[in-house]
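Okay, structure first, notes after.
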Amino acid sequence: MSDTAVPDPHAPDSTGPRVAAPYEPTDRTVPTRGRERATYDRELVHSVLDSAYLCHLGFVRDGAPVVLPTLFGRVGERLYVHGSTGSRPLLAAGREDPGLAVCLTVTHVDGLVLARSAFHHSMNYRSVVVHGTARTVTDPEERRVALDAIVDQVVPGRSQDSRPADAKELAATAVIRLDLDEVSAKVRTGGPNDDPEDVPLPHWAGVVPLTRGYAAPVPADDLDPAIAVPEYLTAL
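In this note's numbering, the protein residues as written are 1003 to 1238.
So this is what it looks like as structure tokens:
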């Protein structure tokens, strides 16, 4: 990795394994609504990030907000995003000072919460919001680790079962890094919060759970029939 590596808060010291310290709240990570649902627990934040592969990257371009859906990968206390070297956000992140101010979000929807009143309809969810400055990764080894992490974030183990990028592909690919400094998670669970006077109403109320699933892998038309579905795919 590069010489700017972030210490692992889980790394053992002379007294044994460390207890992961929570992230410090900041003005940008304390929500104005639903503060009781906010958490800065480091392990919970990591679990929400690690069970996703799609994030939304927000930034300002030419004075207007832009939000892009993109793949990401986590390595320790860093998130990595890749794209074309010609894309505007990655060009902006390449500036040493000030880099690119971004807001990255990840959300899982776990259930639809149907209340008796329209006002109290909601969702059960787990989300993470990260604020910070994105910077271009130039160290070759860190770029390799980052690109492998992005591939494995989608399907764990896939980076070892595919051809790595060659020199031409690497030259056309930019990688940006966002440190997990200003971070918060928000979680909602449970049923609807109906007002007491609405409980007798003759409307169904409850939660419709949502789960993510995978269908059987479909081989490419030109795949050699002798190549079996790898275990890391059947494990999904």
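Glycine residues also receive a C-beta, built at the ideal position from the N, C-alpha and C atoms.
Give the single residue among the options whose Cα lies nearest to the Cα of residue i.
i: Ala1148; options: His1205, Gly1085, Arg1128; result: Gly1085
i: Leu1116; options: Arg1137, Gly1060, Cys1057, Val1209; result: Val1209
i: Gly1036; options: Glu1079, Val1050, Leu1070, Ser1124; result: Ser1124
i: Glu1038; options: Glu1233, Leu1212, Thr1191, Pro1221; result: Thr1191
i: Tyr995; options: Glu1144, Pro1142, Val1032, Asp1043; result: The requested residue 995 is not part of the displayed model; the chain covers only 1003 to 1238.
i: Cys1057; options: Ser1049, Ala1066, Leu1070; result: Leu1070
i: Tyr1055; options: Thr1107, Arg1063, Val1220, Thr1031; result: Thr1107
Taking residue i as part of the beta strand (DSSP E), name the residues at either end of that continuous run.
i: Leu1070; result: 1066-1073
i: His1133; result: 1124-1138
i: Pro1142; result: Segment 1142-1156 is the alpha helix (DSSP H) holding Pro1142; no beta strand (DSSP E) there.
i: Arg1080; result: 1080-1086
i: Thr1107; result: 1102-1116
i: Ala1218; result: Where Ala1218 is concerned, there is no enclosing beta strand (DSSP E), given that its DSSP letter is neither H nor E.
i: Gly1060; result: 1056-1063
i: Arg1030; result: Arg1030 -> no beta strand (DSSP E), and no H or E assigned at all.
i: Glu1038; result: It is not in any beta strand (DSSP E) - Glu1038 carries neither H nor E in the DSSP assignment.
i: Ala1187; result: 1184-1190
Confirm, please, whether the CB-CB distance from residue j to residue i is below 7 Å.
i: Thr1135; j: Ala1176; result: no
i: Glu1171; j: His1133; result: no
Residues in the same chain with beta-carbon distance under 6 Å from residue i, minus the five sequence neighbours each way, listed in chain order, please.
i: Ser1119; result: Asp1200
i: Leu1046; result: Ala1187
i: His1205; result: Arg1118
Could you check where the alpha helix (DSSP H) with residue i kicks off and where it finishes?
i: His1205; result: Per DSSP, His1205 belongs to no alpha helix (DSSP H) and is neither H nor E.
i: Val1050; result: 1044-1052
i: Thr1236; result: 1233-1236
i: Leu951; result: Within the shown structure, residues of the chain are numbered from 1003 to 1238, placing residue 951 beyond reach of any answer.
Got a sec? Which residues, its chain only, sit under 8 Å from residue i by beta carbon, not counting five neighbours each side?
i: Gly1018; result: Caution is warranted here: a pLDDT of 46 is assigned to Gly1018, below 50, making its placement in the model unreliable, and the coordinate value is therefore given only provisionally. No residues qualify anywhere along the chain.
i: Val1153; result: Gly1075, Arg1160, Ser1161, Ser1164
i: Val1189; result: Arg1039, Thr1041, Leu1046, Tyr1127, Arg1128, Ser1129
i: Leu1238; result: Val1157, Tyr1216
i: Asp1010; result: Only weak support is given to the placement of Asp1010: the predicted model assigns it a pLDDT of 48, under 50, and the value that follows is read from those uncertain coordinates. So the list reads Gly1078, Glu1079, once near-sequence residues are dropped.
Does the distance between the C-beta of residue i and the nearest non-hydrogen atom of the ligand NAP fall short of 6 Å?
i: Arg1146; result: Ligands in the displayed structure: none, and consequently the ligand NAP is not present.
With a CB to CB cut of under 7 Å and the five nearest residues on each side skipped, what residues in its chain are close to residue i?
i: Thr1061; result: The sequence shown places Phe at residue 1061, not Thr. So the qualifying residues of the chain are Val1068, Pro1091, Leu1102, Ala1103, Val1104.
i: Asp1029; result: none
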